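Below: one structure, written as C-alpha cells.
There are 2 protein chains.
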Amino acid sequence: MPVSSLSNAKPSVPPRTAPRASPKGQQTRAAIVDAALSLASQVGLDGLTIGHLAELMHMSKSGVFAHFGSREDLQVSVVWEYHHRFRAEVFEPAIRAERGLPRLRALFDNWVHRINAELASGCLFTSGAVQFEAQDGPVRDALTASVSTWLEALSRAIEQAKVQSHLHPECDAAALSFHIHGLILSLHYQTRFLKAPDALRHATSGFDQLIQQHSAN
Amino acid sequence: MPVSSLSNAKPSVPPRTAPRASPKGQQTRAAIVDAALSLASQVGLDGLTIGHLAELMHMSKSGVFAHFGSREDLQVSVVWEYHHRFRAEVFEPAIRAERGLPRLRALFDNWVHRINAELASGCLFTSGAVQFEAQDGPVRDALTASVSTWLEALSRAIEQAKVQSHLHPECDAAALSFHIHGLILSLHYQTRFLKAPDALRHATSGFDQLIQQHSAN
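The listed protein sequences correspond, in order, to chains P and G.
In short: position in the first sequence from 1, add 432, done, that's the numbering used here.
In short: position in the second sequence from 1, add 432, done, that's the numbering used here.
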C-alpha cells in the first residue's frame, strides 16, 4: 500500500449538494442539512422527522420534501455532512502534520479534541451505532462507510509510522487501530455518560503507552 | 483498601422483587420485568412502554401499573434486573477464580463472552448510555450506578493483582481499567455495528499486551 494512500477517501463520499440543483436550491438544501444535523445531535438521527425540521426552518413539509425524496435521504445527507465536518476538523489538520508518528498523534489528538468539543451535543458515530445497529438500510450503510473511512485512515497512519521507522515493523496496524479506537470510545463513554473527571488524562496516557510499546526504538 | 473488597457490591442494589408483595404478586412482577428486559434489549430502554408490555403479557395497562408506579419505575427495575444478570454471568464466576491476575482475566473473558452472547439482542449499558446521556433522572442514575459498580470491580481486581505481585506496583489501576474498558467498548462497536471479523482477536490480544506491559516480572 503506498504511503500516500492516507489521503485517499474511500468509500467515495457524495457531494454536499445535489449537482443539478440551482444555486438557490443548493443553498436551501445546505441550510436544511445544517439544521437537521443540529437537530440530530440533540434527538438522534432516528429522532429526526421532516415535520419537526420543517417547523424549525419555517418551511412547509412539502418544501422540505422537495429537497429530499424521503426522511431516509435526509438522514443519509446528515451523515455525510457530519462526515465532511469530521474530515475538516480531525483528518485535514492531521494530514498537514509530518508523515509517521506526528500525523498519527495529530489524528488522535484532533479526534479527542472533537469529543470534548461535542460535549454539549452528541456524536452521531456513537449514537448512530446504537440506533441503527439492527436496522439495515442506507442510513446504516452511510454510517458504517463513514466510520470505516476514519478507522482505515488511522490504520494507514500507523502503517506510515512503520514505514518511517517510528513504529516497530512487526506492529499489527489493524490491532493497534482497534486499540486506539477503544481509547476514543472509552473517553466518549466515561466523559459524556459517567462524567468521569480523569477520562481525558487516561485516554492520552493510554495512547502514549501504546506508542511506547510499539516504538521502533 | 482490603483485597476482599472485590466482593463488595456498591452502590447497594435493590432487591429483585418488592419485599411487601405477596408471593403471587412477586412472581407476576418478576415475569413483567423479564418480558420488559427482553423488549428493552430489542427496542431500547427508552422505547419501553407500559402499553406495549401489557400487550405482550396479555395484561391490562392498569394491571402492569399495579406493579410499577410509573414507566420510569419499570425502566429502573429493568436496569437492576440487567445488573443482576451481569453479576451472575460476568462477576460471580470471576470471583471464584484465584485472586489476582486469574480473577482479572476471568472478569475480562466473561465480559467479552457476554458481548458475543448478546449479539442477537443488545447491551443496555451501551444503548442506555446513548439514550439517557442527556436525560437526568432515576433511569440514568441506575445505569451509571450499575456500570460504575463493574468498572470499580475491574479496578479492584487490578489492585489485587498488584498486591499479589502479578502486576507492577506502579501500575495505575484506574488508567488500566479505563484502557480495558476501551477494549470492551471497541469489541462491542466493531462486532455489532461494523461486523468486523477480527474484533474478538484484537480485543484478546490487546488485553494480553496490556497485562504484559504492566507485568511485575
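Here a beta-carbon is modelled for each residue, glycine too, at the ideal position from N, C-alpha and C.
Just so you know, these numbers come straight off a predicted model, no measurement behind them.
Touching or not, the region 509-517 of chain P and the region 484-497 of chain P, by the rule of three or more beta carbon pairs under 8 Å?
no
Inter-residue Cα distance where the pair is P:V465 and G:H634:
37 Å
Is it true that the CB of G:H545 sits closer than 9 Å to the CB of G:C603?
In this structure, G:H545 does not lie closer than 9 Å to G:C603 by Cβ.
Mind listing which residues of the region 620-643 of chain P have their C-beta closer than 9 Å to chain G's C-betas, in chain order?
H620, Y621, Q622, R624, F625, L626, K627, A628, D630, A631, R633, H634, A635, S637, G638, Q641 and L642
Grouping DSSP H, G and I as helix and E and B as strand, with all else coil, what is G:L599?
strand
Spatial distance of P:K627 from P:G638 (CA atoms):
When the Cα atoms are used, P:K627 and P:G638 turn out to be separated by approximately 18 Å.
Does the beta-carbon distance from G:G569 to G:E524 come in below 9 Å?
Remark: C-beta atoms of G:G569 and G:E524 do not approach each other more closely than 9 Å.
Taking only three categories from DSSP, how would you classify P:S492?
Three-state DSSP puts P:S492 in coil, outside helix and strand.
What runs of the alpha helix (DSSP H), each 4 residues or longer, lie entirely inside the region 574-642 of chain P?
If we require 4 residues or more, the alpha helix (DSSP H) runs fully inside the region 574-642 of chain P come out as 605-620.
If we call anything under 9 Å between Cβ atoms a contact, is G:G614 one with P:H611?
Yes.
Skipping 5 residues on each side, what residues in its chain have a beta carbon closer than 7 Å to that of G:T656?
Within the shown structure, residues of chain G are numbered from 433 to 649, placing residue 656 of chain G beyond reach of any answer.
Measuring only between beta-carbons, confirm whether G:V579 sits less than 9 Å from chain P.
yes
Which residue from P:G476, P:N542 and P:I527 puts its Cα closest to that of P:Q592?
P:I527
Could you check if P:K594 is buried or exposed, using at least 16 other CB atoms within 10 Å of its CB as the buried criterion?
With a 10 Å radius around the Cβ and a threshold of 16 neighbouring Cβ atoms, P:K594 comes out buried.
Spatially closest choice to P:G476 from P:S502, P:V571, P:L539 and P:R461, by CA coordinates
P:V571
With a cut-off of 9 Å, does the C-beta of P:G457 fall near any C-beta of chain G?
no
What three-state label does DSSP hand P:S502 in the structure shown?
coil
My understanding is that P:Y514 touches P:L556, with C-beta atoms under 8 Å, so please give their C-beta distance in whole angstroms.
5 Å
Supposed contact pair G:S473 and G:S553 - C-beta distance, whole angstroms, cut 8 Å
4 Å
Taking all protein chains shown into account, do 16 or more other C-beta atoms lie within 10 angstroms of the C-beta of G:S578, making it buried, or fewer, making it exposed?
buried
Measure the C-alpha to C-alpha separation of P:M433 and P:N649 and round it to an integer number of angstroms.
Note that P:M433 has pLDDT 36, beneath the 50 cutoff, so the model's placement of it is unreliable and the number below is only indicative. Taking the straight line joining both Cα atoms gives about 24 Å.
Under DSSP, the alpha helix (DSSP H) around G:T558 begins and ends at which residues?
L556 to Q563
Cβ pair G:L575, G:S609 closer than 9 Å
no
Identify every run of the alpha helix (DSSP H) within the region 515-543 of chain G, keeping only runs that are complete inside it and at least 4 residues long; order them along the chain.
Counting only runs of 4 or more residues that sit fully inside the region 515-543 of chain G, the alpha helix (DSSP H) segments are 524-527, in chain order.
Tell me whether G:S553 sits in a helix, a strand or coil according to DSSP, three-state version.
coil
On a CA-only basis, which of P:V496, P:E550, P:R535 and P:S454 is nearest P:H468? Give me that one, please.
Note on residue identity: the sequence assigns Ala, not His, to residue 468 of chain P. Checking every option, the nearest Cα to that of P:A468 belongs to P:V496.
So if DSSP puts P:S647 in a beta bridge, which residue, or which two residues, is it bridged to?
In DSSP, P:S647 forms a bridge with P:L599.
Does P:A648 have its Cβ less than 9 Å from a Cβ in chain G?
For P:A648, no Cβ of chain G is located within less than 9 Å of the residue's own Cβ.
For G:N418, collect the residues of the same chain with a Cβ closer than 8 Å to its Cβ; drop the 5 residues on either side in sequence, then sort them by chain order.
As shown, chain G starts at 433 and ends at 649. That puts residue 418 of chain G outside it, with no answer to give.
So the candidates are G:S492, G:A566, G:S618 and G:E565; which of them puts its Cα closest to the Cα of P:L583?
G:S618
When you compare each of G:N542, G:L480, G:G457 and G:R537 to G:Q641 by their alpha carbons, which one comes out closest?
In terms of CA proximity to G:Q641, G:R537 leads the group G:N542, G:L480, G:G457 and G:R537.
Check whether chain G comes within 9 Å of P:G532, counting only Cβ atoms and requiring the distance to be less than that.
Cβ-Cβ to chain G under 9 Å: no for P:G532.
Pairwise C-alpha distance: G:P601 and P:L599:
Using only the alpha carbons, I get a separation of about 28 Å.
Could you pull out every residue in the same chain whose Cβ sits closer than 7 Å to the Cβ of P:A606, ignoring the five residues on either side in sequence?
S587
Distance check for P:V522 and P:W543, CA to CA, integer angstroms please.
6 Å
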